[in-house]
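According to mature numbering (1 follows the signal peptide of the UniProt record, and there is no 0), the sequence shown holds residues -24 to -1, 1 to 130 in order.
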Amino acid sequence: MKTKFAAITLVLASGLIAGTPALADVTRAQVKTELAEAIRTGDMLAPGNRGLKLNELYPSRYPAKQVQASLTREQVKAELAQAIRTGDMLASGEQSRKLNELYPSRYPAKQVQATLSREQVKAELAEAIRTGNFMISDNGQKCNEAHPSMHPSV
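Structure below.
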């Protein structure tokens, strides 16, 4: 009984392992080329317990990784022209402020879109007045806190 169970389990497990796509589709030649590329670029773990790759430990020994630009030259030029036009560039000097923040009169104002409609704002105002949820003094006290008898608890 135990041997039948073990045999069935072994057959099922071997079928699952053999059916794994990660192991089935890679040929010996592909593995060799991937290993050669990893050795050439230093993309292998260094010996020891650091968990660093060889190209991270010794960057001068391996070629630098090529970084592909995500924007074209024309896109960058268009973005630069827009930043110059709107003043959305850092000002020279030690300040870390943008030109349109330092000299707002020189640049067009940014268009702000309302997130709420006029009707929504009116409804919120009516609800705040009904519940007393608005400021009545400079110390931050709300109407429903100052006059609890005027506003029923919600």
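Beta carbons: idealized from backbone N, C-alpha and C, even for Gly.
By the 16-neighbour rule on beta-carbons within 10 angstroms, asparagine 115 is exposed. Here asparagine 25 is exposed, its C-beta having fewer than 16 other C-beta atoms within 10 Å. By the C-beta criterion, the stretch 30 to 48 is judged to be in contact with the stretch 11 to 19, since at least 3 inter-stretch pairs fall below 8 Å. One thing to note: tyrosine 83 has its Cβ within 9 Å of the Cβ of threonine 62. Distance check between lysine 86 and each of Gln58, Ala12, Gly69 places Gln58 closest, using alpha-carbon atoms only. For valine 7, the uninterrupted alpha helix (DSSP H) segment begins and ends at 4 to 17. A residue is called buried once 16 or more other Cβ atoms fall within 10 Å of its Cβ, and glycine 27, having fewer, is exposed. Serine 68 and alanine 99 have their alpha carbons spaced roughly 46 Å apart. For alanine 40, there is no enclosing alpha helix (DSSP H), since its DSSP letter is neither H nor E.
The alpha carbon of isoleucine 60 has as its nearest neighbour, out of Met126, Tyr79, Gln71, Glu70, the alpha carbon of Tyr79. If you draw a straight line from the Cα of methionine 65 to the Cα of lysine 29, it comes to about 38 Å. When DSSP reads this structure, lysine 118 sits in a beta bridge with Met111.
Residue state for lysine 53 is assigned as helix, using DSSP reduced to three classes. Taken atom to atom, the span from the alpha-carbon of glutamine 117 to that of proline 124 is near 12 Å.
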